[in-house]
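A.B. asks:
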Amino acid sequence: MDRRAKTAQPQGGSQAAPFRRLANIGAKKAAFPTFIEPCHPTLKRRPPDGPGWLHEIKFDGYRAQLHLHDAKATVYSRSGLDWTKEFNSIAMAAEEFADHDLVMDGEATVFGKTGLPDFQALRRELAKSASPRLTFQAFDLLYLDGYDLRRMPLIERKRVLRELIGDRPGAVAYVDHLDIHEGDEVYEQACMMGLEGIVSKRKDAPYRSGRQEIWTKTKCTKRAAFPIIAFVEKLGAQPRRIASLYLGRWEGDRLVYAGKAQTGYTLAAARAVRQRLDPLIIGTSPLSHPIKKPKATWVEPQVCAEVAYGGVTDDGLLREPVFKGLQKEPSSMPAKSTAAAPASSQVPRENILQLLPDAVVPSKEELVSYWTRASDRALHFLGGRPLKLVRHVNGTTFYHKGPLPPIPPEVHQLRIEKREGGEGVRLWVDDLAGLLGLVEIGVVELHPWAATVDDIEHADTLIFDLDPGEGIEWEFVVDTAFRLRDLLDAEGFKTWPKLTGGKGVHLMAPLPQKMTHNAVHAYAKRLAQQFASSDPDRYVTSAQLSHRPGRLFLDYLRNGRGTTAVGTYSPRARSGFPVAAPVTWKEIERRIKPDAFTMSRPPRRRRGV
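Take 1 as the starting number for the sequence shown in the UniProt record's numbering and just add one per residue.
#1: Ends of the beta strand (DSSP E) at residue 260?
#2: In whole angstroms, give me the CA-to-CA distance for residue 256 and residue 313.
#3: At the level of alpha carbons, what is the spacing between residue 589 and residue 269?
#4: In terms of DSSP beta bridges, what is residue 249 paired with?
#5: Buried or exposed: where does residue 423 fall if 16 or more other Cβ atoms within 10 Å of its Cβ makes it buried?
#6: How many whole angstroms separate the CB atoms of residue 225 and residue 305, which I take to be in contact at a CB cut-off of 8 angstroms?
#7: What residues are listed by DSSP as bridge partners for residue 281?
#8: Near residue 122, which residues of its chain fall below 6 angstroms by C-beta distance, leaving aside the five closest residues on each side in sequence?
#9: What number of angstroms, rounded off, separates the C-alpha of residue 328 from the C-alpha of residue 381?
#10: Whose C-beta lies closer than 7 angstroms to the C-beta of residue 413 among residues of the same chain, with five residues either side of it excluded?
#11: Please report how far the alpha carbon of residue 171 lies from the alpha carbon of residue 73, in whole angstroms.
#12: Would residue 405 be called buried (16 or more neighbouring beta carbons within 10 Å of its own) or exposed?
#13: Nearest-angstrom Cα distance between residue 264 and residue 100?
#14: With a 10 Å radius around its C-beta and 16 neighbouring C-beta atoms as the bar for buried, classify residue 599 as buried or exposed.
#15: Unbroken beta strand (DSSP E) runs of length 3 or more, entirely within the region 435-474: which are they?
#16: In the DSSP assignment, the alpha helix (DSSP H) including residue 92 goes from what residue to what residue?
#17: Per DSSP, residue 569 forms a beta bridge with which residues?
#18: Would you check if there are 3 or more beta carbon pairs closer than 8 angstroms linking the region 185-200 to the region 150-165?
#19: Mark residue 38 as exposed unless 16 or more other C-beta atoms lie within 10 angstroms of its C-beta, in which case mark it buried.
#20: Does the contact criterion of 3 or more C-beta pairs under 8 angstroms hold for the region 386-406 versus the region 344-358?
#21: So for residue 350, helix, strand or coil by DSSP?
#22: When you compare each of 204, 196, 241 and 212 to residue 220 by their alpha carbons, which one comes out closest?
#23: Name, in chain order, the residues that DSSP records as bridge partners for residue 311.
#24: So what's residue 232 in DSSP terms, helix, strand or just coil?
#25: Could you give the distance in angstroms between the alpha-carbon of residue 148 and the alpha-carbon of residue 205?
#26: For the pair the region 551-565 and the region 441-459, tell me if three or more CB-CB distances fall below 8 angstroms.
#27: Look at residue 386 and residue 453 and say whether their C-beta atoms are less than 8 angstroms apart.
#28: State the CB to CB distance for the pair residue 55 and residue 180, rounded to an integer number of angstroms; the pair is presumed to be in contact (CB under 8 angstroms).
#29: Quick one: Cα of residue 113 to Cα of residue 155, how far?
#30: Taking only three categories from DSSP, how would you classify residue 327?
#31: Cβ atoms of residue 261 and residue 245: under 8 angstroms apart, would you say?
#32: Compare the Cα-Cα distances from residue 477 to each of 371, 505, 70 and 500 and report the closest residue.
#33: Count the other C-beta atoms from every protein chain shown that fall within 10 angstroms of the C-beta of residue 115, then say buried if there are 16 or more, exposed otherwise.
#34: So the candidates are 210, 573, 290 and 572; which of them puts its Cα closest to the Cα of residue 534?
#35: Nearest to residue 159 by alpha carbon, out of 176, 371, 508 and 241?
Right, here's the structure in full:
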């Protein structure tokens, strides 16, 4: 039987009626498209008001694009990856529309026990081959039966989409909207219901790819007070101040771990909180079931922190907690003096290119164990390249420059002509013994050149570092990574992503043939500036710190003779000992965090390459 003969009847009349007039309202005859770059809403603090806007629920899921062509369904991720296998149940459900050729924009979502979209449940369901709980919430229709609908006003596209889907039960559902002039009212109700937020859209707007102001999103943030159970101190800071807080929550008479608030601190607040907690310091964890946090200074849970957060994970941990202040307490609480003697350094000044006063370093034993396990994978990226080194010596962590200590014979030395003139020495390794030799002289981090020791004057890799400033969401970093990947692909480069172990992600583009460092630098600068010009309010190409709050730094400065980026598989001198790790684009799509891998939990394969 011909599947196209099974015509679905739209709600309220014959099939042809709602679609016959498409050309009269802006639709254009067109061949079936490939993946269409989505329209991405711009994040706003408050939603827009007025009769020109409609408002929809912001679903907590994965953005997806559903294509149905010649009765075959394909589901794409937000960046164009084929996720039909992961979203198999959605693809199967789409077969009820098999008499149409169509492209729908929407969100893959799972509804939790409360009836609300549940991102944690969605991640669990994706591990299954075909989940009956997975739904596709369709909020836009971009193509239908030979017509490109993107030039039509949104309200007309939604009308056709509603008539196409109707009220039929199933995994493909229509996302209705509220036509209310007061966006604040819709937003407040959404937050009271426990939703993630709302998306507001211009009714009369065509569909435009990329980040747009015609769609805006306003996210709900929950806010509550949690007892402070520990803090991590900002190393070397004078006066002393905290870097982050560990939080608990009460379950009856049990105190359980709730997560770590790492952002939101002004300099004054970090100092005040440190002083406030000083008289409460204790030697052991106050939790009912203690957890291992080597860098924590435990305190009596008598002071509560006001925290904004996005939700709670399956493990009961706060999602994206941000410190907002201390809960109001009587001001008579005693506080000890924070005066302390300044730390001294026994490292010669001529060896310090840059101090890292906030560094947290693993022991030599931990480094030896890590490199013994990871060297085979790591040397693929680190071997045979001149290295810039982060060392930890006599309690001081720093980028090394100048004269070297006695070098173990397993570590090779390369004499070079320095950019500023004169002769210098760069170390390099090609086996496990060399890596362990670096550990002997206190090396924690390895930052290789984008060139090999047999040809240091020519680069073999183009590197972009996406470094988010304060206030930039990880979702925006991910979106940018895919857009920049597509730009580089159009330029003829195949890129792979690397998590930095810090805040951002590197895009690594092997060069088809080597280029001089100056040529690579100039090329990277031009591409970065071209890309940033598309949205100067969100992107910056200047390394100046004052330019970076609220913007994403497109760091092209990793390209050049002697300039480096943290090496793939290198440990980082940070809390938890994260590792710079190669990953796949699919993992980036799933919002894997930049510090997802650690020395104790390293990646197991050469990802992304």
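All C-beta atoms, glycine included, are put in the ideal place defined by N, C-alpha and C.
C.D. replies: According to the structure data:
#1: 254-261
#2: 14 angstroms
#3: 35 angstroms
#4: 256
#5: exposed
#6: 7 angstroms
#7: Looking at the DSSP assignment, residue 281 forms a beta bridge with 299.
#8: 61 and 110
#9: A caution first: residue 328 carries a pLDDT of 49, below 50, which makes its placement in the model unreliable, though a value can still be read off. Rounded to whole angstroms, residue 328 to residue 381 spans 52 angstroms at the Cα level.
#10: In the same chain as residue 413, and ignoring 5 residues on each side of it, the C-beta atoms closer than 7 angstroms to its own belong to 407, 425 and 427, in chain order.
#11: Approximately 14 angstroms between the Cα atoms of the pair.
#12: exposed
#13: 50 angstroms
#14: buried
#15: The beta strand (DSSP E) runs lying completely inside the region 435-474 and spanning 3 residues or more are 443-448 and 458-468, given in chain order.
#16: The continuous alpha helix (DSSP H) containing residue 92 extends over residues 88-93.
#17: Among the bridge pairs identified by DSSP, residue 569 is matched with none.
#18: no
#19: buried
#20: Yes: the two stretches touch, three or more of their Cβ pairs being nearer than 8 angstroms.
#21: helix
#22: 196
#23: 319
#24: If DSSP states are grouped into helix, strand and coil, residue 232 belongs with the strands.
#25: 15 angstroms
#26: yes
#27: yes
#28: 7 angstroms
#29: 32 angstroms
#30: coil
#31: In terms of Cβ geometry, residue 245 and residue 261 form a close pair [threshold 8 angstroms].
#32: Nearest option by C-alpha distance: 505.
#33: Flag for residue 115 reads exposed.
#34: 210
#35: 176
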